[in-house]
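Data first, discussion second: the structure below is written as structure tokens.
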Amino acid sequence: MVKCFFNISFFLILTTHLFGQTNEQAASQFIKSAFHLSEVMLHDVASPPAAARFYAYSMLSAYEVLQRNQLEMLALSKNFHVVPDFAKLNLPTKFNPAFSATFAMLETGRLILPSGYMLEAKQLELVKIFQKNYKLNTKDLEANQQYAKQVAAQIVTYAKKDGYFSLSILPRYRPNTKETGRWYPTPPEYMSAVEPQWKTIRTFFLDSADQFVPDPPAPFSTEKGSSFFNQLEEVVTVSKSLTPEQKAIAGFWDCNPFAVTYSGHAAMGMKKISPGGHWIGITGIVCRKANASLQKTIAAHTLVALSLHDAFVSCWYEKYHSDRIRPESAINKYVDEAWRPLLQTPPFPEYTSGHSVISTTSAEVLSYLFGENFEYVDTSEEYFGLPARSFKSFKAASQEAAISRLYGGIHFRDAIEAGQRQGEVIGRYIVEKVKNLNTRR
Amino acid sequence: MKKVFVVALSLFTLVPARAQSLFESLNSSRSGVSFKNTIVENATQNALTYENLFNGGGIAVGDINNDGLEDIYFISNMQLNKLYLNQGNFKFKDITQSAGVAGRLGWKSGASMVDINGDGLLDIYVCYSGKTDAEQRRNQFFINQGNLTFIDNAQAMGLDDPSYTTQASFFDYDRDGDLDAFLIATNVNVIRDLEFSQARKSKHPYAGDKLFRNDNGRFTEVTEQAGILSNALGFGLGVAVSDVNKDGWLDIYVSNDYAEPDYLYLNNRNGTFTNKLDVSLQHISQFSMGSDIADVNNDLLPDIFTADMLPEDNKRQKLLYGPDNYEQFALMVSEGYHYQFMRNMLHLNNGNGTFSEVGQLAGVANTDWSWAPLFADYDNDGWKDLFVTNGYFRDYTNRDFLKYKGDYYFQKVLAREKADTLELAKSMPSTPVHNYIFKNIGSARFEDQSKAWGFSTPTFSNGAAYADLDNDGDLDLIVNNQNEEASLYRNLSRQQNASRHYLALQMKGAGLNTQAIGSAVSIFTGQGRQFFEVMPVRGYQSSVSNRIHAGLDGQTRIDSIVVVWPTGKKSKMTNIMADQLLVLEEENAKSNDQHVLPPAATLFKSEKSPLTYRHTEYGANDFKRQPLLNTMLSPCGPVMASADVNKDGTLDIFVGGTKDNPGRLFVQLSNGIFRMMGNFDFKEDANCSDTDASFFDADNDGDQDLYVVSGGYHEYLPGQEALQDRLYLNDGKGNFAKAREAIPQMSPAKSCVRPMDIDHDGDLDLFIGGRVLPGSYPQTPTSYLLLNDGSGRFADATEKLLPLLSNLGMITDAAWLDLNGDTFADLIVLGEFMPISIFINQQGKRFEEASKQYFKNVESGWWSKLAVADFDHDGDADLIAGNFGLNSQFKASESEPISLVYNDFDGNGSIDPILVSYVQHKPYPFAGRDEMLDQLFPLRKKFTTYAPYSEATLTDLFTSSELSQAKKLTATELRTVYFENKGGQFIKHLLPLEAQYAPVHSIEVLDYNRDGHLDFILAGNQSAIRIRLGSIDANFGQVYEGNGQGSFRYVPQAESGLSFSGDVKSLKWIKTPAGEFLLVGINNFGIVAYKRNG
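First to last, the protein sequences are chains G and S.
Mapping to my numbering: the first sequence position 311 is 344, numbers consecutive.
Mapping to my numbering: the second sequence position 475 is 480, numbers consecutive.
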């Protein structure tokens, strides 16, 4: 029998450590704290791939705190493409897994996020909450903090070697103006290409950025009737007949961390949570709805975050490999120079659609964890003035996220569909790995 | 001629004893001028809803009642305008109500005083703009009734235009004797890049500029038929009218904010104009605001100045300026938006249709968010100084606002509060800045006197005008401020320095143009010459006094005054006394003068090149490889070398190539035309970038072999094949074959080859200059000494002869010359961020450094080129050392050097070059936060917002231990200079200021006028440069005429006839049967030629 990803027996052990706090409360606190990561990333304008990486290492710290001290949890990191060499750490005498795990997550965020200092206040709050509500004394809290910091430090050391700090050695993106159909920065800001060398970042489960390369995009053509031109016309047609529902869908899944709006010289970046942040938000909502235990909550967040990261690396490999033109540039040049997409075009090449890839991967992972027909209401965009949306399943949500890019006028259909296939393969691959890990034990 | 002597009020008694600034600010209790342009931010009008909210109001000055005292009219954007009657002695009376000139509520912008109907009385035109309905925007024309009352007659005249008008200028463009009207407008709606091409296509009813022809007092719009652009993209903020090409017909300069380039409309003399901006100006201000056209260097040619937004201080530069965006820039250029950079531009008129932009060299480029530039001689020393108003009530472009204020809406949701745009708009920082005033110190150089002359108070100032309000012989200033009382600055020049004289002229036109607007006035004194045009509308949204004011310094007498009246008539007066207001009347003028002079014969004239070579750059962007570079290193050709390769008695030429575009050999035919040699195949080396080439007999077989130096940057890696130099051996008939393994492996990108028989063994040895290690700038590349074995095989003897060369610096040029007369050639080298270095040849056995012996000071520079010749006929070789010049944001001196601090600071394997330069006497890293953080990730945690970075110095970026491990290169001299060889020392002499207009990349020494004295030509420019620095392109090929004694005269472009455009990398002066030619190698263009006249 395939074991569940987390272990029921763990629940009993854990409660003994929680003193007055229930496991559910601890899980809820973790989700609350995880949101603070999103807040900092929102402030820093973390790019979509960078955000996924930040989530991944932060969540991994929490997971490690639980996993290393609870044999029932799966040793995820032992199954990484590059296995980290974490030294054994001494547990505090009064180990509080809920506190330590949550604190370690914040601590890692503090260390790796540019404005990580903003999490210091959240760490203090966490300490106070555990002091007050769960009657932990200062000395024990201090010991647990020290432990959490040590774990976080190990994770950060592991993170430092993932290629991130070598990105600045590599050439920045240079538009290929010698060929047609290539990407070029897009209006209104013509922002530089985001993370052109992200393919060099180490993955967790995938053995390389190009392990799952999607089929090539339809070749660029201005010929009427060609696949590319048909798709280009489709974007225009769809944009002209958008229903209010389709517009709502496009807006709901926009997830543009920095859409610049102007008033003359005055410009301001309107911010939204990144695509990865959106799925972390969904994970939290779902954990709450499922009354998931702390360990399931952390396991779910971690697995989603690690998968998001791998999906982004894979997608970014393809983006700069195919280097495809965005609909906005192509339509303006070949069809209608006045055409504008509903959403602001994100600053990187078109193929494959990142949201399609990472949403499908996330849906695969969440379906594995919570079931294929898990219904939920996604309220995570309410912070940005967008009403909640209900979904019958993760798959349905990921399909909506994918097609939203067509409604938004920022992707061609093949980038969406190939992106979904790419995301699915990655998601299944990761789930299989985890399942095997389960079976092996 | 009628002369009016004005009784100058002696104000000496009023001047207190203490040292006083040139200007004294008079408050409203003293002057009676309490006008204040109050801007109220509210829910519908704020920084986020109306982008022009803080554009401010104008001023019009003029004598409305002909009592000899100039009166002032102020524009209030949101409230009512004011008219103040000058009652003398700086007392003013508000007569707005009785005069009937308050205007309407609604958004008002510019004002001008003009006698539109020729009745001798000044009328007032008021411009309306704003986000209102069209009816509220109808401009008003207050016609002077002669009794201090006015009646708006704009509608009847056809000038009640409802555009978003910024300002109107009245002048006689068709020379029919009456004043026509030109209106500029600025759109009130945001237009983003997305809509540019659409917006550009069609005439916009309200947002475009408009030209109206005066048909007997009724104005007819002739915009389109006259060739005036009138689209929604104009965003016109400044209009300056002048006869810039001095053909007797008035031209128009419109300065446009945002994307649309400015317009320079040259008058076609047939009622139409043609916009010649892109062929006249190499680059322009990006967010052009106010403007002025005046002769700033007293060469009798009008020069163009446009105001922009670049702050002077480091903090605001870093806080308000985003990262360079090369893709957007390239897109804008390719779509016809020209080269636009964010700073004030001073375009000096070369008198041949070209302008040299020298705002930075002049010291007037950075005056923050600037509105009204006004050139006038404020200190009566005979040179026009510059006053600039500035400031913007909200820091719209604050980077922290852009990047982090978006959090506001999110935070409001979290706090369960309602977002409030007004609150957000008001949270934008507000930073008042002081006005600038610069003293012209001659040759178009200016000194900031803002503090010393009384302008240290920070304000938000917009419209401004000058006039001698108290008729004491110096120009006072009036400034329209936001949310503060208008400023009246009394000029105390005459009181403080009575020995500086002046002359004021009141021009009286004969016909309807009673003010003689458009007259051109030249004044000649024992001290020099000055040029003026009567054109009251200048600066920003304002009109100044219509009198001409000339400062005369110590001159009490004017030799002559020459006036060309708007209709073409000419007057000349001689022997005029100073210190008076003189009235000149057109009635007394002679009949029409042809005025247009036939162009004088130039020294050189542009000719079809005798050799056809098109140079095409591969298109590298070096900043994508090392984002902290400041200039690109990839573009380095075309270079040229010449020799008679086929022994037919004529010089042949090799032109170096660049990556994917190999070099070519051209042989000269008997008719002086060059033919490309088909059998010379450089394709094998097509991946190379040729940085130098030299013909010499390498293998001692009596013919000229060719050595080509490989350099550049591109994607090259040190040691790769494309960086290896090449030697091509001649078979004696001009056929070349590559000599393989004749030269040792030399891994860096190199700059030059200099052959010389170092060891007197009868063959030519080589010095090879190392330029850069591509990807690792500014790590020191090796330079080389190669010894010839006599058969054309070269061995690396650097270690033996001159080991210092392996770590000397980034060499750009070198020369061999025997400095000590021992017949052994000594080596002189220079380069980027290194001292000029001299190595004495010890009998061919080794070299010893003797730089200190030959130079009194260490001459560290951003050296780029070296020429050696005996310019002063004393038998030894002097030097011309080409440098970066002074026409950039960078300055350097012994006490304030520019330096390059470098190391792998973040330990990730890449060199991080940090350029540090002084701003306001303090050293700061040059790179902006975005660029710095893009290269050094660890700094992302250190500088989480723009604000702390905007004040960071090197020690804030790095720890002292990090800095102690870093290396440092410095430059203390950026000027191109002449070193006179005198008694075993090189004595530095300055060249004419023009030599500092641009980086020098080529120097050709010649005797162009055959007077027996050596002259030289400087060429260069630098457009492969950071956008923030902007193209430096003011050098059109400068001839310096030597007098044989080490002194050189810059030959003006209109006299030399040279007009190179682009980045020149090489020059070659050749004599052919078809004449003498100057061949010019222009990067990414090809070879062009100039032929010597006569």
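Ideal Cβ placement from N, Cα and C applies to all residues, glycine included.
As the structure is a prediction and not an experimental result, all values here were calculated from the model.
Where Q62/G is concerned, the enclosing alpha helix (DSSP H) starts and stops at N56 to D77.
With contacts defined by Cβ atoms closer than 8 Å, G717/S and L638/S form a contacting pair. The beta carbon of R235/G sits no closer than 8 Å to any beta carbon of chain S. At least one beta carbon of chain G lies nearer than 8 Å to the beta carbon of Q203/S. The region 307 to 321 of chain S and the region 354 to 371 of chain S touch, with three or more beta-carbon pairs separated by less than 8 Å.
In this structure, the alpha-carbon of S201/G lies about 53 Å from that of D138/S. If the five residues before and after G142/G are omitted, its C-beta is found closer than 8 Å to the C-beta atoms of H69, L70, V73, F87, S91, G149 and L152, all from its own chain and listed in chain order.
Beyond the five residues adjoining it in sequence on each side, P208/G comes within less than 6 Å, by CB distance, of Y217 in the same chain, given in chain order.
Within the same chain, Cβ atoms closer than 8 Å to the Cβ of M162/S are found at I121, F146, G222, R223 and F224, the five residues on either side in sequence being excluded. In summary, N47/S is exposed, with fewer than 16 beta-carbon neighbours lying within 10 Å of its beta-carbon over all protein chains present. Annotation: V338/S has no Cβ neighbours in chain G at a cutoff of 7 Å; minimum Cβ distance is about 13 Å. Annotated three-state conformation of T228/S is coil, per DSSP.
The way I'd put it, the region 649 to 665 of chain S does touch the region 684 to 698 of chain S; three or more beta-carbon pairs between them come closer than 8 Å. At a Cβ-Cβ threshold of 8 Å, P918/S and Y782/S count as neighbours. Residue burial annotation: R630/S is buried, with at least 16 other C-beta atoms found within 10 angstroms of its C-beta. When DSSP reads this structure, G556/S sits in a beta bridge with Y507/S. In the three-state scheme derived from DSSP, where H, G and I count as helix and E and B as strand, Y1095/S is classed as strand. When 8 Å is used as the limit between beta carbons, F417/G is near these residues of chain S: Y414, F415 and V418, in chain order. For E422/S, no chain G residue has a Cβ inside 7 Å of its Cβ, as the nearest lies near 13 Å away.
The shortest CA-to-CA distance from I581/S to any of K575/S, Y1095/S and L589/S is the one to L589/S. Per the coordinates, the alpha-carbon of L339/G lies some 34 Å from the alpha-carbon of G933/S. Y409/S reaches chain G at H76, counting residues in chain order whose Cβ is nearer than 7 Å. Taking CB atoms only, A312/S has no neighbour in chain G less than 8 Å away.
For A744/S, there is no enclosing alpha helix (DSSP H), as DSSP marks it with neither H nor E. Within the DSSP bridge table, the entry for E1081/S names K1076/S as partners. The secondary-structure analysis by DSSP pairs P930/S across a beta bridge with V921/S. The C-beta distance from F799/S to P749/S rounds to 7 Å, short enough to meet the 8 Å contact threshold.
At least one beta carbon of chain S lies nearer than 8 Å to the beta carbon of M301/G. For the pair of segments examined, the region 24 to 41 of chain S was found not to touch the region 263 to 270 of chain G: the number of CB pairs separated by less than 8 Å stays below three.
Excluding its 5 nearest sequence neighbours in each direction, D1012/S has C-beta neighbours in its own chain below 7 Å: H1018, L1019 and D1020, listed in chain order. Counting along the chain, the unbroken alpha helix (DSSP H) around S272/G starts and ends at S260 to K273. R205/G is the residue among A251/G, A396/G, F237/G and R205/G whose C-alpha sits nearest the C-alpha of A226/G.
Beyond the five residues adjoining it in sequence on each side, T233/G comes within less than 8 Å, by CB distance, of G196, S199, L200, L203 and A242 in the same chain, given in chain order.
Under a criterion of Cβ atoms nearer than 8 Å, no residue of chain G is adjacent to E265/S; the nearest Cβ is some 14 Å distant. Taking a cut-off of 8 Å on C-beta distances, the region 490 to 500 of chain S does not touch the region 510 to 524 of chain S, as fewer than three cross pairs fall below it.
Between the region 868 to 879 of chain S and the region 787 to 799 of chain S, the count of C-beta pairs closer than 8 Å stays below three; the two stretches do not touch.
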